[in-house]
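**Student:**
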Amino acid sequence: MNAQISTGDTAWILVCCSLVLLMTPALAFFYGGMVRRKNVLSTLTMSYIFMSVIGVQWVLYGYSLAFGPDIGGLIGGLDFLGFAGVGAQPNAVYAKNIPHQLFAAFQMMFAVITPALITGAFVERVKFKSFLLFSLLWATLVYDPLCHWVWGQSGWLKEMGVLDFAGGTVVHIAAGFSALAFALVIGPRKGYGSFPIEPNNIPLTVLGTGLLWVGWFGFNAGSALGANGVAVNALVTTNTSAATAGLVWMLLSWLDGRPSTLGIATGMVVGLAAVTPACGYVTPWAAMVIGAVAAPLAYYAIRFRERRKLDESLDVWACHGMASTWGTLATGLFATVAVNADASNGLFFGNPSQFAVQLIAVIVTIVFAFGMTYVLAKALDMSIGLRVSPIEEEVGLDISSHGERSYS
Amino acid sequence: MLKKIEAIIREDKVNDVMDGLSAIGIVGLSLFEVRGHGRQGGVQLVGRAGTYQVNLLPKIQINIVLNERNLEAAIEAILQSAYTGEPGDGIIFVTPVEDVIRIRTRERGTEAMNYPGDIDERKKK
Chain D
3 MNAQISTGDT
13 AWILVCCSLV
23 LLMTPALAFF
33 YGGMVRRKNV
43 LSTLTMSYIF
53 MSVIGVQWVL
63 YGYSLAFGPD
73 IGGLIGGLDF
83 LGFAGVGAQP
93 NAVYAKNIPH
103 QLFAAFQMMF
113 AVITPALITG
123 AFVERVKFKS
133 FLLFSLLWAT
143 LVYDPLCHWV
153 WGQSGWLKEM
163 GVLDFAGGTV
173 VHIAAGFSAL
183 AFALVIGPRK
193 GYGSFPIEPN
203 NIPLTVLGTG
213 LLWVGWFGFN
223 AGSALGANGV
233 AVNALVTTNT
243 SAATAGLVWM
253 LLSWLDGRPS
263 TLGIATGMVV
273 GLAAVTPACG
283 YVTPWAAMVI
293 GAVAAPLAYY
303 AIRFRERRKL
313 DESLDVWACH
323 GMASTWGTLA
333 TGLFATVAVN
343 ADASNGLFFG
353 NPSQFAVQLI
363 AVIVTIVFAF
373 GMTYVLAKAL
383 DMSIGLRVSP
393 IEEEVGLDIS
403 SHGERSYS
Chain W
103 MLKKIEAIIR
113 EDKVNDVMDG
123 LSAIGIVGLS
133 LFEVRGHGRQ
143 GGVQLVGRAG
153 TYQVNLLPKI
163 QINIVLNERN
173 LEAAIEAILQ
183 SAYTGEPGDG
193 IIFVTPVEDV
203 IRIRTRERGT
213 EAMNYPGDID
223 ERKKK
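Chains as they are written, first to last, in this note's numbering: chain D, 3 to 410; chain W, 103 to 227.
(1) Using a Cβ distance threshold of 8 Å, determine whether the stretch 221-233 of chain D contacts the stretch 117-125 of chain W, with at least three qualifying pairs required.
(2) How about glycine 210 of chain D and glycine 352 of chain D: do their beta carbons lie closer than 8 Å?
(3) Quick check for students: name the residue ranges of the alpha helix (DSSP H) that lie wholly in the stretch 286-325 of chain D, counting only runs of 4 or more.
(4) Is it the case that the Cβ atoms of alanine 371 of chain D and alanine 68 of chain D are separated by a distance below 8 Å?
(5) Around the Cβ of phenylalanine 195 of chain W, are there at least 16 other Cβ atoms within 10 angstroms (buried) or fewer (exposed)?
(6) Note down the Cα distance separating asparagine 103 of chain D from aspartate 383 of chain D, rounded to an integer number of angstroms.
(7) For the structure I just gave you, are there three or more beta carbon pairs, one from the stretch 120-140 of chain W and one from the stretch 156-174 of chain D, closer than 8 Å?
(8) What is the DSSP secondary structure of proline 160 of chain W, reduced to helix, strand or coil?
(9) Quick one, which of W:Ile166, W:Gly211, W:Asp191 has its alpha-carbon nearest glycine 140 of chain W's?
(10) In chain D, which residues lie with their C-beta within 8 Å of the C-beta of valine 156 of chain W?
(11) Whether or not the stretch 387-399 of chain D and the stretch 358-368 of chain D are in contact is what I'm after, with contact meaning three or more pairs of Cβ atoms, one per stretch, closer than 8 Å; do they touch?
(12) Measure from the C-beta of aspartate 1 of chain D to each C-beta in chain W and report whether the shortest distance is under 8 Å.
(13) Check whether the stretch 268-281 of chain D touches the stretch 321-336 of chain D, counting contact only when three or more Cβ pairs, one atom from each stretch, lie closer than 8 Å.
(14) Expressed to the nearest angstrom, what Euclidean distance is found between the alpha-carbon atoms of asparagine 99 of chain D and methionine 25 of chain D?
(15) Return the residues of the stretch 297-309 of chain D that lie within a Cβ-Cβ distance of less than 9 Å from chain W, sorted by chain order.
(16) Beta carbon of glycine 211 of chain W, beta carbon of glycine 127 of chain W: below 8 Å?
(17) Kindly identify the DSSP beta-bridge partner or partners of glutamate 135 of chain W.
(18) Could you tell me the boundaries of the alpha helix (DSSP H) in which proline 198 of chain W lies?
(19) Among D:Glu314, D:Pro354, D:Met270, D:Val295, which residue has its Cα nearest to the Cα of valine 125 of chain D?
(20) Taking beta-carbon pairs under 7 Å, can you tell me which members of the stretch 243-265 of chain D lie near chain W?
(21) Please classify tyrosine 409 of chain D as buried or exposed, where buried requires at least 16 other C-beta atoms within 10 Å of its C-beta.
(22) If the criterion is Cβ atoms closer than 8 Å, does the pair leucine 399 of chain D and asparagine 41 of chain D meet it?
(23) Taking buried to mean at least 16 other C-beta atoms within 10 Å of its own C-beta, is methionine 3 of chain D buried or exposed?
(24) Quick check on valine 136 of chain W - is its C-beta less than 8 Å from some C-beta in chain D?
(25) Return the CA-CA distance between serine 124 of chain W and glycine 138 of chain W, expressed in angstroms with no decimal places.
(26) Within 10 Å of its beta-carbon, does tryptophan 287 of chain D have 16 or more other beta-carbons around it, so buried, or fewer, so exposed?
(27) Would the beta-carbon of alanine 28 of chain D fall within 8 Å of that of leucine 227 of chain D?
(28) Run through chain W and tell me which residues come within less than 9 Å of threonine 268 of chain D, C-beta to C-beta.
(29) Please decide whether aspartate 146 of chain D counts as near chain W, where near means a Cβ-Cβ distance under 8 Å.
(30) Going along chain W in order, which residues have a C-beta closer than 9 Å to the C-beta of aspartate 317 of chain D?
(31) Specify, as a first and last residue, the run of the beta strand (DSSP E) that isoleucine 110 of chain W falls within.
(32) So glutamine 109 of chain D is in the alpha helix (DSSP H); what residue range does that whole segment cover?
(33) Just mark arginine 208 of chain W as buried or exposed, buried being the case when its beta carbon has 16 or more other beta carbons within 10 Å.
(34) Using the beta-carbon count (16 or more within 10 Å), is valine 136 of chain W buried or exposed?
(35) By the three-class DSSP mapping on this structure, what secondary structure does leucine 168 of chain W have?
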């Protein structure tokens, strides 16, 4: 078995694992810059804490639920509890060229950042205890099963032939539509709509964007699980989509006034989220189309949300959910075996059934993530309460939840 | 008679106003970063997707306490140096001051207001 391990592939995935880990701090600062100064620490903590929470959960049982031996296509068995048997030997089902433990660690970083993405929906008003409980339940009841369906051995969506290279469904659609559901349950921030709630530090958000883009190379190119041509293609398509979406967003912003810095940064992230499911299956040209369509889609999704007075505060639904819904469907259009011989062609390459499969996966993910999150959030709201008190909200969560302040 | 000027001006006019005041010998002042709006009501900023209205704008407030006889000169200096002609140039309030005590010397009233080389000494020469 050991003879099959490639040191080159192993080295590359070790690097990618670290790059994806970096995305959670990057996301923390991306979000931290957009809230008010009284909630910066709270917002940072709600991303950083997942490096601890999922860092433990994944080893204890998360990995086993997601990637353990299949039970009915729905969930993984408990064989890998505590990383039992997950060691230096490769697991032939997932990656026969790298140690099984490395595959598990790489996947852990995805499990870490996904619930952190959702926090953008409820910053500045959520009760920390309820947030922790929700997140652990969400990771266990939403992420782990969904991950199994799409990526796990004999997961039912995988068996159906869904193409999701790096987490369009599992990560971005799931997080985006969960954010939407949570925002509907928790309600808007105090004063939302009656006075402007401005970002405290856009430079932090811009820095976070840059680090996210770098980390995304690990996320997407690393999902090739080897240092090979598909990884290179994923890196190039990732870059191309982000670049295109950043440019298109700049133009949209310019048409509405000025080319906003926050807008350009947002566009870049939208391009990254959109190409995530597609990056290892499509050409750079297709990635340009994916990025170019994702930007106006998310831009007008934000405007639509604002008109509906829905305080999904940092637009996780628009920027991740909608962008990746498009990206996952676009994978069913643009996928080509010329890029990835192990995959299938999309609609434009003579295989319309692939588009149908992608559509089913999108709908399943949206319904499952939205429904489960709505029920979990509602149950917590009715039992221990989701929101801090109005006075705690006014004081800010840095002081009222953590007893600290960001700046003095 | 002592007077206090509270001049609320544009952030970007601070250096011009300070220069204008020191040119006529106004040496003592304090400066505050404030936020507010007048009749104009605020400005539009560009957000993540589209624009939004901001009501409270950052402004600088300069406080000066001085002898009444120097009031008009100081007001004229501010008017000239803070002016752009666009909405948002600011406003000047003038109020009477009951007393002034310099902590180091315990001087009071107009005595406490004199500095070497200030507007009064210049007038004497």
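Heads up, the beta-carbon is just placed ideally off N, CA and C, and yes, glycines get one too.
**Tutor:** In short:
(1) no
(2) no
(3) 286-309
(4) no
(5) exposed
(6) Per the sequence presented here, residue 103 of chain D reads as glutamine, with asparagine not at that position. Computed Cα separation, rounded: 38 Å.
(7) no
(8) strand
(9) W:Asp191
(10) Pro198, Glu200
(11) no
(12) The structure shown does not extend to residue 1 of chain D, since chain D spans only 3 to 410, so no value can be given for it.
(13) yes
(14) 25 Å
(15) Ala300, Tyr301, Tyr302, Ala303, Ile304, Arg305, Glu308
(16) no
(17) W:Ile162
(18) Taken as a continuous stretch (DSSP letters only), proline 198 of chain W belongs to no alpha helix (DSSP H), being part of the beta strand (DSSP E) at 192-199.
(19) D:Glu314
(20) Ser255, Asp258, Gly259, Arg260, Ser262, Leu264, Gly265
(21) exposed
(22) yes
(23) Note that methionine 3 of chain D scores 46 on pLDDT, short of 50, meaning its location in the model is unreliable and no value can be drawn from it.
(24) no
(25) 26 Å
(26) exposed
(27) no
(28) Arg150, Ala151
(29) no
(30) Arg150, Ala151
(31) 104-111
(32) 102-120
(33) exposed
(34) exposed
(35) strand
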